[in-house]
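Enquirer: So that we are looking at the same thing, I have put the structure below in structure tokens.
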Ligand SMILES: [Zn+2]
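Numbering (our numbering), first residue to last: 64 to 897.
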């Protein structure tokens, strides 16, 4: 699954947006769940009414018993009506049995069951043996499930919404719309027979085997004939335009909102090339028969990797104006990478989720490298590394963790895989990936399976040596937390012509360990370049390196290969040398950061200015702006404003806008003439060609203007449509900063369901300034039940703060109707705080 995150627009996607959903979605059990059976095949035969939000039908489950004296078993089934459970002694159920065969109750045995709206316990008619195959039929229905299957419909305020249904099973939510063993340590083949009104299309896993019409209804029969875990079962119902292409005979079909076909063709144009690249890179062909991806309304994440049937958020289809700022290629690549990492091999329990997410994140970067080159790849990894460092500074946890996915699961893991690739080399890295998937295909996996594949790949039988062992690498990077913090310095001994390089690890050892991973070092002299690797430890290590003359630059952790915090004492001129001469963008960015301490000195101002204006890679210019904005040098403001206007790449213009406040804080005199600034920024918004830069100009305005001036300055842009409502969101966030009472009406307007979740959540959050207002509390109370989980999370926080007695019955009702234990716990805490 992919969070709403993209390096290019991360700055504006607020945290509120993912509010709490993220930590709630996985893992109830701290240890791996066990069952007394092994599911072989799941077949759903259901009718779905998108308008009435109703699901009714049968779940067929074929299993093999995993114990002697098997007399009963338990399935997950949340908030359903279970009508009947039958044993079909005439099994085995096979894929070609599509439910059309006339079978009467004569053959079927009705079984006793207990159902408590959460677990379905089924009692057998007699005791069965180990490894017996049994077939069950569960008759059930459910209306508007709390999670798992989402029904989108038009509302009074937003009548243009289309009826649409889509599922989101990961982590353990498919149990809300069909009974199943809802845990990733069991794989089964699956089948979906879904009957819907004929005006709709359906999408599910695998291959469409048959489609039959009866009156105004159509039954679609989907078959996924290779095993996968239950959270990957997908259902989509709606009306879409389709775009078909293929790779090597594999059909690739993209479903986009009606009328958006030409946008979709552009947004998803790399899909076939991505499939080709991954198939060839891993040496393992895309295995799922066909590939579908659908852009749905109001998706709660960025994307979800259901087997052969990916769901994407609607913003992944966009107009030309969006293109310079946002590309869906990263998202499409992430979900396609999961078709191997997550779907062919799936984490066996949630502690191992990095085996899905870090791999998908890393392969997304690898495609980036293939498509856009080394600088873009390095910059991606650099940003992922920064995410990991930020997350670590908030809460230190290992990648392997019981506490749910974090930035570690995605970002840090991708950097760790890149370090591994650097250590063992491209060829062995690819070999590792191939062995790992070939030996474990269609099985749940744990980290040891990957480590075994790695050892297998790096063990060279032609060399007469002990088998290589990288167990320590997993210990320090996967099972233990943190990263090295390195203090380093160097000097030159003119008598011996030696460079003396000192380094020591200074991280807190109580929550981390001493890292063995070596660092790449590059030393430049007049006559050439020397590369070495250096090991470090918790005691100062000194390397003496013979040079042919005094060094011009020492680049510790060249290419930013190893995730670390580096405190490097290095002369200004060496940083400048690195900035002006490095051919790797990432080394120039490191130099920019090294020059932060000297940013008021005029030679540094000049050098950074040059880079800001002329560097060939946009990411370096972006980072240069950030550093330059910290300068108190009197000439800084004039250059900054001029370069901002001249900058052609809107991604870099955004850096100027987002760092404008920082710059002006260093030059308070310039802030005095605020009306000139306001005029400048307003013009910029009106003529800006980029949605994202315009949104950032709104943000800059709100950061610079006094509170009482914000409303009038930003409100003209509230109706401006833009990609993922980026401008509207900036306006709503700005209103939250203003203290104008008129903001309330606007926030109320966008706080209702139908407005997209990302807008709604910001608007609802903004209402937090009006918790003494009855109208606001009233809206929050009444909208609590009808919203999706992320908005409910925001509302709950506000009600928890407001503690208005009128909310209590609404909270109690939500508590009573929910079947989500963790969510109920949260509501209970709030009720009891009243
Ligand atoms: Zn993912």
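Glycine is no exception: its CB is placed at the ideal position from the N, C-alpha and C atoms.
Determine the direct distance from the alpha carbon of residue 886 to that of residue 142, and round the result to whole angstroms.
Expert: For the pair residue 142 and residue 886, the Cα-to-Cα distance works out to about 14 Å.
Enquirer: Does the beta-carbon of residue 64, which I'm using as the reference point, lie nearer than 7 Å to any heavy atom of ligand 1?
Expert: yes
Enquirer: In its own chain, which residues sit with a C-beta less than 6 Å from the C-beta of residue 756, not counting the 5 before and 5 after it?
Expert: 713, 716 and 717
Enquirer: By Cβ distance below 8 Å, which residues in the same chain neighbour residue 274 in space, the five residues on each side in sequence not counted?
Expert: 281, 282, 283 and 284
Enquirer: So, with DSSP's three-state summary, where would you put residue 264?
Expert: In this structure, residue 264 counts as strand in the three-state DSSP scheme.
Enquirer: Find out if the Cβ-Cβ distance for the pair residue 615, residue 637 is shorter than 8 Å.
Expert: yes
Enquirer: In this structure, how does DSSP classify residue 378 when only helix, strand and coil are distinguished?
Expert: helix
Enquirer: Can you pull the DSSP bridge partners for residue 403?
Expert: DSSP lists no partner for residue 403.
Enquirer: Here's the rule I'm using: 16 or more other beta-carbon atoms within 10 Å means buried, otherwise exposed. How should residue 496 be labelled?
Expert: buried
Enquirer: Roughly how far, in whole angstroms, is the beta-carbon of residue 428 from the beta-carbon of residue 419, given that I think they are within contact range, below 8 Å?
Expert: Taking the Cβ atoms as the reference, residue 428 lies roughly 16 Å from residue 419, outside the contact range of under 8 Å.
Enquirer: Smallest Cα separation from residue 381: which of 352, 251 and 331?
Expert: Looking at the Cα atoms, 331 is the closest of the given residues.
Enquirer: So, for residue 568: in the same chain, excluding its five sequence neighbours on each side, which residues have a beta-carbon less than 7 Å away from its beta-carbon?
Expert: Excluding positions up to five away in sequence, the list reads 547, 548, 549, 577, 578, 599, 600 and 601.
Enquirer: Determine the contact status of residue 458 and residue 258, defining contact as a CB-CB distance below 8 Å.
Expert: no
Enquirer: In whole angstroms, what is the alpha-carbon distance linking residue 254 and residue 298?
Expert: 11 Å
Enquirer: Tell me the start and end of each unbroken beta strand (DSSP E) in the stretch 172-200 that is at least 3 residues and wholly inside, in chain order.
Expert: DSSP runs (the beta strand (DSSP E)) wholly in the stretch 172-200: 175-178 and 182-191.
Enquirer: Taking the Cβ atom as the reference point for each residue, do residue 119 and residue 207 lie within a distance shorter than 8 Å?
Expert: no
Enquirer: Cα separation between residue 531 and residue 480?
Expert: 18 Å
Enquirer: Which same chain residues, not among the five before or five after residue 101, have their C-beta less than 7 Å away from its C-beta?
Expert: 126, 127, 129 and 249
Enquirer: Where residue 461 and residue 533 are concerned, what is the direct C-alpha to C-alpha distance, given to the nearest angstrom?
Expert: C-alpha separation (whole angstroms): 18 Å.
Enquirer: From the DSSP output, in three-state form, read off residue 591 for me.
Expert: strand
Enquirer: I'd like to know whether the C-beta atoms of residue 354 and residue 377 end up nearer to each other than 8 Å.
Expert: no
Enquirer: Where DSSP assigns a beta bridge to residue 627, which residues make up the other side?
Expert: None, per the DSSP bridge assignment.
Enquirer: Closest to residue 596 by CA distance: which of 115, 337, 625 and 709 is it?
Expert: 625
Enquirer: Return yes when the C-beta of residue 368 is under 7 Å from any heavy atom of ligand 1, and no when it is not.
Expert: Correct: residue 368 has its Cβ closer than 7 Å to ligand 1.
Enquirer: Out of 149, 135 and 116, state which residue places its alpha-carbon closest to the alpha-carbon of residue 123.
Expert: Across the set 149, 135 and 116, the C-alpha of 149 shows the shortest separation from the C-alpha of residue 123.
Enquirer: Which residues in the same chain as residue 658 place their Cβ atom closer than 6 Å to its Cβ, once the five residues preceding and following it in sequence are excluded?
Expert: 638 and 667
Enquirer: My parser needs the alpha helix (DSSP H) runs of 4 or more residues fully inside the stretch 803-859; what are they?
Expert: 806-813, 820-829 and 837-846
Enquirer: Taking only three categories from DSSP, how would you classify residue 427?
Expert: helix
Enquirer: Mind checking whether the beta-carbon of residue 763 lies closer than 7 Å to any heavy atom of ligand 1?
Expert: no
Enquirer: Quick check on DSSP: helix, strand or coil for residue 544?
Expert: coil
Enquirer: Assign residue 262 to one of two classes, buried (16 or more other C-beta atoms within 10 Å of its C-beta) or exposed (fewer than that).
Expert: exposed
Enquirer: Compute the distance between the beta-carbons of residue 424 and residue 474, then report whether it is under 8 Å.
Expert: yes
Enquirer: Considering residue 288, what are the terminal residues of the beta strand (DSSP E) in which it resides?
Expert: 280-292
Enquirer: DSSP beta-bridge partners for residue 596?
Expert: Its beta-bridge partners are 583.
Enquirer: Return the chain-ordered ranges of every beta strand (DSSP E) run that is complete within the stretch 408-453 and spans a minimum of 3 residues.
Expert: 408-410
Enquirer: What does a CB cutoff of less than 6 Å around residue 432 pick up in its chain, not counting 5 residues either side in sequence?
Expert: Answer for residue 432: 440, listed in chain order.
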